[in-house]
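Note sheet for the following structure.
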């Protein structure tokens, strides 16, 4: 390395350190943030536990001891991440060990119910997709189920007001599946996302039972120009039971309620409530057909 390069490195390091010293974002809080890679691995271990034999050891389905051993390991690792999250966010104002223990009790005791919900979601995918060859294929390969699985786990932690970790989990699923489900959304049973690419479900969205979404659907906010002033305000829509939303549709606004048994057509843009048993669709554009020049076509 040349002397000139060493000088450049020293100068850049000094400037970076100076910026960090004056920026509150970088001020040390006496503890580290949760480790993203560890949270991701814990998430996958939980997925393997809920669907034994698909993503891990099948013995957890046959042996209570094996399932308990796997869950004990996950619990110990998750405790460390929870303590880190509460320590960093709490500024020493809470007992992080006590808080982590409280959250773990709720989380671990909720897993059997999460598994039952996910089995309903598997049925929804199998029943709703003629291309599905088996329930095994749904579990093993459908991105929609992957995103829903991670969401249902993250949602428990979200409700317990765990910092950082729920978002790490759902953004991990988002990066793999292109399906963005905020951990704060409330989603009922028998939920199916078909294809899934580009689906966005906002933090305060509420979705009933037996709902089906296709690719490119957005359940979003009507406007977020007020930024943090909207935190905690319901800004995403509510979908009733047995609603189907086709590809490319946007349903926006916290006061927008889609009633039971509605169908929202592809590419629709909905910003007001829709009564039950209603079909909403864009007016079909006129299609024009004309015969191609055969000579040009043959030369091509």
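Residue numbers (the working numbering): 3 to 302.
Think of the CB as a built atom: it goes at the ideal place given N, C-alpha and C, for glycine as much as any other residue.
Everything numeric in this text was worked out from a predicted model, so none of it was measured.
Residue i versus residue j - alpha carbon distance
{"i": "residue 166", "j": "residue 98", "result": "15 Å"}
{"i": "residue 23", "j": "residue 15", "result": "12 Å"}
{"i": "residue 126", "j": "residue 210", "result": "13 Å"}
{"i": "residue 188", "j": "residue 240", "result": "9 Å"}
{"i": "residue 330", "j": "residue 157", "result": "Residue coverage of the chain in this structure runs from 3 to 302, which leaves residue 330 outside it and unanswerable."}
{"i": "residue 50", "j": "residue 279", "result": "39 Å"}
{"i": "residue 113", "j": "residue 153", "result": "13 Å"}
{"i": "residue 266", "j": "residue 129", "result": "20 Å"}
{"i": "residue 190", "j": "residue 212", "result": "8 Å"}
{"i": "residue 196", "j": "residue 176", "result": "15 Å"}
{"i": "residue 259", "j": "residue 230", "result": "24 Å"}
{"i": "residue 20", "j": "residue 6", "result": "21 Å"}
{"i": "residue 70", "j": "residue 8", "result": "54 Å"}
{"i": "residue 220", "j": "residue 199", "result": "11 Å"}
{"i": "residue 225", "j": "residue 159", "result": "27 Å"}
{"i": "residue 214", "j": "residue 64", "result": "33 Å"}
{"i": "residue 52", "j": "residue 108", "result": "17 Å"}
{"i": "residue 276", "j": "residue 192", "result": "22 Å"}
{"i": "residue 269", "j": "residue 134", "result": "25 Å"}
{"i": "residue 106", "j": "residue 244", "result": "33 Å"}
{"i": "residue 95", "j": "residue 26", "result": "18 Å"}
{"i": "residue 17", "j": "residue 4", "result": "20 Å"}
{"i": "residue 89", "j": "residue 57", "result": "32 Å"}
{"i": "residue 68", "j": "residue 54", "result": "11 Å"}
{"i": "residue 82", "j": "residue 179", "result": "27 Å"}
{"i": "residue 257", "j": "residue 246", "result": "19 Å"}
{"i": "residue 206", "j": "residue 186", "result": "6 Å"}
{"i": "residue 13", "j": "residue 28", "result": "20 Å"}
{"i": "residue 173", "j": "residue 293", "result": "48 Å"}
Buried or exposed (CB count within 10 angstroms, at least 16 for buried), residue i
{"i": "residue 39", "result": "exposed"}
{"i": "residue 305", "result": "As displayed, the chain neither begins before 3 nor continues past 302, which places residue 305 out of reach and without an answer."}
{"i": "residue 237", "result": "buried"}
{"i": "residue 132", "result": "exposed"}
{"i": "residue 151", "result": "buried"}
{"i": "residue 170", "result": "buried"}
{"i": "residue 204", "result": "buried"}
{"i": "residue 248", "result": "buried"}
{"i": "residue 11", "result": "exposed"}
{"i": "residue 32", "result": "exposed"}
{"i": "residue 216", "result": "buried"}
{"i": "residue 111", "result": "exposed"}
{"i": "residue 155", "result": "buried"}
{"i": "residue 194", "result": "buried"}
{"i": "residue 168", "result": "buried"}
{"i": "residue 286", "result": "exposed"}
{"i": "residue 102", "result": "buried"}
{"i": "residue 252", "result": "buried"}
Extent of the continuous alpha helix (DSSP H) run through residue i
{"i": "residue 105", "result": "98 to 130"}
{"i": "residue 186", "result": "Run containing residue 186: none; DSSP gives neither H nor E here."}
{"i": "residue 35", "result": "Element bounds for residue 35: n/a, residue is neither H nor E."}
{"i": "residue 159", "result": "145 to 161"}
{"i": "residue 253", "result": "Taken as a continuous stretch (DSSP letters only), residue 253 belongs to no alpha helix (DSSP H), being part of the beta strand (DSSP E) at 252 to 254."}
{"i": "residue 211", "result": "Unbroken run through residue 211: none, as it is neither H nor E."}
{"i": "residue 5", "result": "5 to 24"}
{"i": "residue 168", "result": "167 to 179"}
{"i": "residue 68", "result": "66 to 92"}
For residue j and residue i, believed in contact at Cβ under 8 Å, the rounded distance
{"i": "residue 124", "j": "residue 147", "result": "7 Å"}
{"i": "residue 273", "j": "residue 254", "result": "5 Å"}
{"i": "residue 264", "j": "residue 282", "result": "7 Å"}
{"i": "residue 44", "j": "residue 80", "result": "5 Å"}
{"i": "residue 250", "j": "residue 218", "result": "4 Å"}
{"i": "residue 149", "j": "residue 86", "result": "The pair is not a contact, with the Cβ atoms about 25 Å apart (cut-off 8 Å)."}
{"i": "residue 181", "j": "residue 201", "result": "5 Å"}
Element boundaries [beta strand (DSSP E), containing residue i]
{"i": "residue 220", "result": "220 to 222"}
C-beta neighbour in chain B for residue i, strict 8 Å
{"i": "residue 172", "result": "Reference to chain B is not applicable here, since this structure consists of a single protein chain."}
Review point. Does the segment 74 to 83 come close enough to the segment 132 to 152 that 3 or more CB-CB pairs lie under 8 Å?
Key: no
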